[in-house]
Every structure is written in structure tokens, then in C-alpha cells.
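Data block below; observations after.
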Amino acid sequence: MKRLIVLFMFVGLFAFPFSFPETVLGATANTKLNINTKVPDRVIVKLKEPAKKAGLFRYESLENQVNQNKEIVTMDVPKDKNIHTYIKELRSREDVEYAEPDYLIKKEYTPNDNYFSYQWHHKTIETDRAWDKTKGASSVVVAVIDGGVDLEQKDLVNRIVSPYDMIAKSPNTLTPDEHGTHVAGIIGASINNTIGVAGVAPYTKIMPIDVFDGDYASTSDVIDGIYYAVDHGADIINMSLGGYYSSDLFNNAVQYAYTKGVVVIAAAGNEDTDEPHYPSSYPNVISVGSTDDDDTISSFSNYGDIDITAPGRDIYSTLPRNYFGSMSGTSMASPVVAGVAALILADNPNLTNEEVAQRLYSTADDLGEAGKDEYYGNGRVNARKALGLKIAAPNVDKVYNYSTFLGGTTTEESDTVFSVSDGQKIIGTGYAYDGYYTVDIPKQSAWKKLYVTLRRNGQTSEKAVVTVLDGIAPSTPTVNEITDKLTTVTGKVEKNATVYVKISSKTYSTKYTSEGTFSVTIPLQKAGTKVEVWATDKAGNKSAVKTLKVKDKTPPKTPIVKEVSNKSTAVTGTVEAKTTVTVKIGSKTYTTKETSKGSFTVTIPVQTAGNTIYITAADAAKNVSSTVKIVVKDKIPPAAPTVNTVTTKTTQVSGKAEAGSTITIKVGSTTIGTGTTDSKGNFKVTIKAQKKGTYLTVTAKDKAGNVSKGTSVKVV
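Here's what the structure looks like:
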């Protein structure tokens, strides 16, 4: 109750601080155990005589630590055998009395929320067991008609839907209130976020409706809040508020909600009285009393017109400004019941509000006098029982993508029907026989989930979810050419495989290949290096290894070529070792054998000066170097000029020489005249008249700088 709970809260502030530093306390292990549906890989065998005499050593699977004089031993299931066929085989032996799976045990579900260990009410109502089936659903909306909920509370921020302030008539002005925030957290605080607490239905949605102005709310605002909740899609209304005055209009609003299918839940009051209290005493309202951690009625709780009770003392939950703390009252008990109702609707959304109420009553733990009584009503709420968790999911053996049947051990009768679904349709049914069941199924793809249920006496068990394991190794990867110019190894492989590349002692790998192609980054490698490539799938199956060699794709260095003249009969130079040199002149090609030491000589015909020669080198991988272009140089001097008679009167020396050459006339070492020949080789060089008997030397120099022999002429 709002008014009284505020008093309790302030008492608690002085006796027990409700805020804690942001240190992760961690989830404490719950010591309560139940059977895990994981398939065991060992069996327990009861022998008819001590192990030494039983003759089981031929299986080579008796554990070393077992005292071999004892009659109970454990044995590993051989890798090539299914557990239930192996058990059947053992049971057929004369020296075996019985054999059964060595089942694995697990701890019950425990969230990682910091202060979950402070929330004693979860253990009492068995929400940890209920959460194995459902933690609620976002499609289920619980309206909290109360003080304003802190919309920024980090444990509630993702749970809020359609908030409304009835005082200000606005969705944006809710005043964060300790009571309303606390109630909301009991119902739907987020789970497994490493902070704060966990609500009873942590996946449900909360619709905060603020009807309080301080510690009081007017009846009219509460009535408006009910209509708002119904009209905005609330499935459940929680009212941790009330008084001792009845109102027809208030009752009309409650009945309107009921006729619309809403589950209406209200706190019974905190005055330790049996006086009628409203709205909890109105028809079609689930009236909730409070119990302590010892499962006895709380000293403050009203009694008399009580439908059900729930933990209500020292309940730890959310508070404004990201604090957390405990409060007491039927105001805390009511949202516990609202949370369980939300779990019921999440599990079975087709139930009516009356069916939800009857489910709460019929599955409550009976406290006090047998049957319904004035203190506990129908009993203290139990989340696990409310969700009908009675038939456990069947145990399922491992199933692989090559399996054609699925099976497991069972204690059910032979008329129990086992069904396997792929999530869309039933793919096989079977029956139990001699402690086992088998269901023929078509082969399934790896990692597909299958759902196994059993049906007995008209009731269906929970689903056992089994993932089809990959027992088939991936195909050998298809690998593209690896060259000494690439820093990646690429190719194709089975989807969702990891590819490994080993070079010498180092291994490189990819992430999963979602599309079936892969690219593995590697350092540049030398030609001829050995590369090994293989793939593993998610199950660890390894493909065959593909071995490749790095191919040479690097061309040789450009050859260094010596001068080639019109006197040369070979092209020579240096080049990368073990290459073949090719010389191309016009349309003709001349080559060497492979050069072992890096020098080369290619024999060619004598070429005319000015001809162009092209030289390349190719390695064994047929990579070709850049081309060297050489022009044949002129190294042949022109013929000695023919000179006409020169007299003492001659001032122009004439004659013939190579066309285009330069004519030089000297007397001794002194040049007395120069000139050039025309296109026909004729020349005329002007000189000064020379004395009789003077000797002139005439030479011709071609364009390449080659100088002819001198022609000696005597002046006459």
C-alpha cells in the first residue's frame, strides 16, 4: 500500500541502506540441482559379480580409478556406439545386472544481476525454475497504476511502454517515485545485464501510470488510470494502493477492465485487519496478502478477503536515480503475483483473465489451514507450478548430419509417443521400448535445431532442443594459384569453415567463411615455397590438406647489353642467372640457351649501322623482362677521299668521298680548310693557294665520327 509502504521505506532507510556502490556482486551458485538434458557419454553398470571376474576388460573402457573389486563401475561409451544401443548391449550380458546412463547434473538458472542474491522471493516462488520455460514476453503489458516510475532507471529503461501522468495529463511529466519504481522493478526489471535486480517477468513490458500527488491519489485519477491502461493495451493491471471506502465508479472501472479481459491485481492492505479494502475487495480483483521469508503471513498484512499471498517483506527492487533497495508491504506482494501472471500469459497467451486467476490459485503452495483460508487465501503463489512444469523434456542422444534416427533413454511407459520437429513440421515419431526410444528421421543439415517432445496421458512435455552436430569433414578447399607477387591465398571452401594456411612453421587462418569463399593474408613468398591449405568446420572436423607451390610471376631484371656495332657478330651482356635471352632484329629472332652464370652471348649477322635490336630475358616460369632497345653503331670509317689535282693557283680543293661526310684538309698539323660532301659524295673545300711542292692531307669523317685514311696531294 502506497501510504503505509512509504513509512516502511523510511524506517528501512535508517536501519538498512538501500543503495550500494556499483560493484558487481556476481550471481551466487544455487545449490539446488536438477537433471541436465545433455546426453552423457558414460554409463553406470551394476555387475552380478565383482569387476575382476566380470570379463569387461575386453571393452578397454573400464575407468582406471574404479575399484575393480566393486560391483558398480562406470564405463565410457565407445566412440563408434550410440549410448542407448551400448546400454542394450551391456544389459544382454550374463554378468551385467543393469546398466543406465551416467547423467550429468547442472545448477539451476541463476542470473548475473548484481543484487539478485538479495531477492529472496525468487527462490521462494521458484522463478528460477519458471525461467527455464519463459522469462515473460514483450507482448504482455503490465500497467502499474501507482506513483511515477523513473523512466531513466537503467534496470527498467528497456521495459517501458506508453507511460502517462494522470495528474498533468501528459506522457512526459512522470515524477520518479520510490514506491512506483520499486513496484515496477518487482514485476519486470531487466535480467542478466550485470546490474541491479531481476523482475519476476523480466521480458514483460511495463506501462507506468502516475496517479499520485505526493503520498495520495484521488479516486478519479485512479479510475482514469484504469481506463487508460485498458484502452492502451494492458493485459494486467497492478494496483499497490487502496483505501477502506467503496466507490461505485471505481468498481465500474474495475469491472470494465475485467470485461475487456484484463487481469486485475491489487494489494490487500497493510493494517493487519479483516476490514474490506478497495480496490482489492471489489469482485474480479485478485486480492494479494503478504508473506515473510519463512512462508508465514506478514504481521502487517490484511487478511479475511484474501485470494492469494506472495512474498512482501524486505523485497529488493529498483528505486529512482539508479538506486536499489528493499521495501515491505502488500504493495510488494501484489507485483510479485502480477509478474507470475505475466509469465503465465507469455507461456499461454490464449488464456482468459479468469483462467489466469484460477491457474494462480490452483498452483499456489497451500499454507496455513488446508484449502482456502482467511490468512493465505488459496496459498502462496508459485511461479514454477503456475507454468505447469511437470513433464520434463526427454533426454536426447547426440545426433549428427549423417544420422537417420534420433533416440535417447527414458523412464516413460511404452505407449509414450516421442515426436521430433524441425521447428516447422513433425519429421518423425517413435515409441519407447525397454528404457529407450528411437525416432526415424531424414538426414538433417549440421547446426540445425531439432525439438523433441513426449506426449503421455494427453500431456505434452517441455521441448528438448538438440543441435544437429557436424560429423562430416569439409571437402578439400579449392585453392587459386599462389604466386610470389601475392600476399593472399584465396579459393573456395565449405560455408562456415575456417581455412588454415601453413608455410614452413607458421600457420595463418581466416574467420568463418560465410559465403564459401576465403582469403588468407600471408607474407610475400619465394617461388617454389611449399604451401599447405586445409579447412575445419565448426565441429572441428578437418578436411584433407591441399599442397601447392608458390609460382614464379616476377619477371627477370632488364638485361644489361653491351654496345653493338656494324662490325659485331654477337650481342653480349649480363642478365639474371638461369634465364634465356632473345634478340629480335626485324622479323628474325636469335636466342641463347639458359644462362647459368648471368652473362650471355647471342650470335647475329653483321648489321647495318642504325638498325634497331630488341633484347629480352625470360626465366624458367616464362616471365619476360622489360625490353632493351639497342641501335647498331657505325664503327667502319669511310674510304679515303679521291682528290683532284691541286696547283699553286687552286683555291678550291675538289674530289669525292662518302656522302654526308666532313672533309678536312691539313698541311702538316694545321687545318687549312673544311667542308662537306653532297648527297653524291662530291666536295669543294676553299683554301688559300699553296706553294709548289706543299703536301696536303685530305680526310673524310662520317656522321658516326669515323675518320678515313688521309689522301696525300702534292701542290703542282
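Under mature numbering (1 follows the signal peptide of the UniProt record, and there is no 0), the residues of the sequence shown are numbered -21 to -1, 1 to 695, in order. Where a beta carbon is used, it is the ideal one built from N, C-alpha and C, also for glycine.
Next item on the list: Give every residue of the same chain whose Cβ lies closer than 8 Å to the Cβ of K628, excluding the five residues on either side of it in the sequence, and list them in chain order.
Entry: A668
Next item on the list: May I ask you to report which of helix, strand or coil DSSP gives R434?
Entry: strand
Item checked: N661 versus V695, S648, D274 and A679, residue with shortest Cα-Cα distance -> A679
Check: Quick one, are the C-beta atoms of F303 and V176 less than 8 Å apart?
Finding: yes
Item checked: As assigned by DSSP and simplified to three states, the class of L339 -> helix
Next item on the list: Would you identify the three-state DSSP class for T198, choosing helix, strand or coil?
Entry: helix
Checklist line | Three-state class that DSSP yields for M311 in the structure shown | finding: helix
Check: Residues bridged to D125 by DSSP?
Finding: D189
Next item on the list: Report the residue ranges of all beta strand (DSSP E) runs contained in full by the segment 380 to 449; include only those spanning at least 3 residues, in chain order.
Entry: 384 to 388, 396 to 400, 405 to 412, 415 to 419, 428 to 435 and 443 to 446
Checklist line | Among L675, L527 and V375, the one whose alpha carbon lies nearest that of A411 | finding: V375
Next item on the list: Would you mind listing the beta strand (DSSP E) stretches within the segment 551 to 591 that are 3+ residues and don't spill past its ends, in chain order?
Entry: 559 to 564, 567 to 570 and 578 to 582
Check: Is Y340 near N361, with beta carbons less than 8 Å apart?
Finding: no
Notebook entry, point to check: Where does N231 sit, in a helix, a strand or coil, going by DSSP?
Noted result: helix
Checklist line | Outcome for T160 when other beta-carbon atoms lying within 10 angstroms are tallied against a minimum of 16 | finding: buried
Check: Who pairs with Q513 in a beta bridge, going by DSSP?
Finding: The displayed chain sequence assigns Trp, not Gln, to residue 513. W513 is bridged to Y479.
Check: Where L220 and P373 are concerned, what is the direct C-alpha to C-alpha distance, given to the nearest angstrom?
Finding: 45 Å
Checklist line | According to DSSP, residues forming a beta bridge with F95 | finding: DSSP, once it has assigned bridges, lists no residue as partnering F95.
Next item on the list: Below 8 Å on the Cβ atoms is my guess for G440 versus L433; work out the distance and round it to an integer in Å.
Entry: Per the sequence shown, residue 440 should be read as Ser rather than Gly. That belief holds up - the Cβ atoms of S440 and L433 are roughly 5 Å apart, short of 8 Å.
Check: Are the beta-carbon atoms of I244 and I216 separated by less than 8 Å?
Finding: yes
Notebook entry, point to check: Along the chain, where does the alpha helix (DSSP H) that runs through E68 open and close?
Noted result: I62 to R70
Check: Under a Cβ-count criterion, where at least 16 other Cβ atoms within 10 Å of its own Cβ denotes burial, should D681 be classed as buried or exposed?
Finding: buried
Check: Should the segment 272 to 284 be called in touch with the segment 239 to 257, which here means at least 3 C-beta pairs below 8 Å?
Finding: yes
Next item on the list: Taking all protein chains shown into account, decide if G240 is buried (16 or more other Cβ within 10 angstroms of its Cβ) or exposed.
Entry: exposed
Next item on the list: For A549, collect the residues of the same chain with a Cβ closer than 8 Å to its Cβ; drop the 5 residues on either side in sequence, then sort them by chain order.
Entry: T580, V581, T582 and I583
Item checked: Short Cβ contact (8 Å threshold) for S307 with A168 -> no
Notebook entry, point to check: CA-CA distance, D613 and G654?
Noted result: 21 Å
Check: For Y207, which three-state DSSP category applies?
Finding: helix
Checklist line | Spatially closest choice to P421 from F384, I265, E79 and G450, by CA coordinates | finding: F384
Note to self: Taking its Cβ as the centre, do 16 or more other Cβ atoms sit within 10 Å of G634, making it buried, or is it exposed?
What the structure shows: buried
Margin query: Am I right that D531 and A600 are in contact with their C-beta atoms under 8 Å? What's the rounded C-beta distance?
Written below: 4 Å
Next item on the list: Could you please give me the residues that DSSP links to E79 through a beta bridge?
Entry: I23
Note to self: For K364, report the span of its alpha helix (DSSP H) as first-last.
What the structure shows: A362 to A365
Check: When the Cα atoms are used, what is the spatial distance from S305 to D274?
Finding: 18 Å
Check: Just the Cα atoms here: how many angstroms apart are residue 727 and D92?
Finding: Residue numbering for the chain in the displayed model covers -21 to 695; residue 727 lies beyond these limits and cannot be assessed.
Next item on the list: Using DSSP bridges, identify the partner residues of M145.
Entry: Bridge partners of M145: none, in fact.
Item checked: Nearest candidate by alpha-carbon position, reference N685, set V607, L346, T496 and E637 -> E637
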